[in-house]
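Trainee: Counting in my numbering, the sequence shown tops out at residue 913, every number present. Quick one: the structure is below, questions incoming.
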Amino acid sequence: MDQFWQQEQAWKAALIAKDATRLRQLLHPDFRLNGLRGAVMTALDREQWIAALEKMDLVGLTIELKDSLVLPQILTGSMIAHWRVRYLGQEIDEQVFINDVWVATAQGEWQVIRRHSTPMSQKNNIRPKK
784 MDQFWQQEQA WKAALIAKDA TRLRQLLHPD FRLNGLRGAV MTALDREQWI
834 AALEKMDLVG LTIELKDSLV LPQILTGSMI AHWRVRYLGQ EIDEQVFIND
884 VWVATAQGEW QVIRRHSTPM SQKNNIRPKK
């Protein structure tokens, strides 16, 4: 298992546990999630992303690593994720293509600084809560 995948697994564990303290350790202070939903781009910083997580009920999450590159100061990789969440009265069930970039800190730790996420299907997979 390469260093990139180890970091992604640590992020996934903190996400599932809703461990905001651990997430702040893993997400760089300048973290940004950029996502596309149709023609609309959304962007969240670290605190916005953690706040959104607190409103989510994660039902399921699987991640498949497609490609990674490990360099001395940068880790980057591409993945396909399938997640099911309940968020703000909606049920979201989608498969997304993700690219993450991790950077090495001065203390030798890894922090993710960028994530780009795009749904793999053009159909709307967000349904109002019943």
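Glycine included, each C-beta is placed from N, C-alpha and C at the ideal position. In this text the structure is predicted, and so the values were computed from the model without any measurement.
#1: Here's a check: name, in chain order, each residue in its chain whose Cβ is nearer than 7 Å to the Cβ of residue 900, leaving out the five neighbours to either side.
#2: Candidates 813, 787 and 876: which alpha carbon is nearest residue 829's?
#3: How would you label residue 791, buried or exposed, when you count the other beta carbons within 10 angstroms and need 16 or more for buried?
#4: Between which two residues does the beta strand (DSSP E) carrying residue 849 extend?
#5: Within a Cβ cutoff of 6 Å, which residues of the same chain sit near residue 952, ignoring the five residues on either side of it in sequence?
#6: Applying the 10 Å Cβ sphere with the 16-neighbour rule, what's the burial state of residue 797?
#7: So which of 805, 855 and 873 has the shortest CA-CA distance to residue 838?
#8: Quick check: residue 864 and residue 875, are their CB atoms within less than 8 Å of each other?
#9: Would you say residue 806 and residue 833 are within 8 Å of each other, going by their C-beta atoms?
#10: Hey, would you say residue 841 sits closer than 8 Å to residue 799, going by beta carbons?
Mentor: A quick look at the data gives this:
#1: For residue 900, same chain residues with a beta-carbon under 7 Å away, outside a window of 5 residues either side, are 816, 818, 879 and 881 in chain order.
#2: If we check each option's Cα against that of residue 829, 813 comes out closest.
#3: Per the 10 Å Cβ criterion, buried.
#4: Counting along the chain, the beta strand (DSSP E) containing residue 849 begins and ends at 839-853.
#5: With the chain running from 784 to 913 in the structure shown, residue 952 is simply not present.
#6: Classified as buried, residue 797 has 16 or more neighbouring CB atoms from the shown chains inside 10 Å of its CB.
#7: A check of alpha carbon separations from residue 838 across 805, 855 and 873 identifies 873 as the nearest.
#8: The answer is no: Cβ separation not under 8 Å.
#9: Yes. Within cutoff.
#10: Their beta carbons are under 8 Å apart, which means residue 841 touches residue 799 by this criterion.
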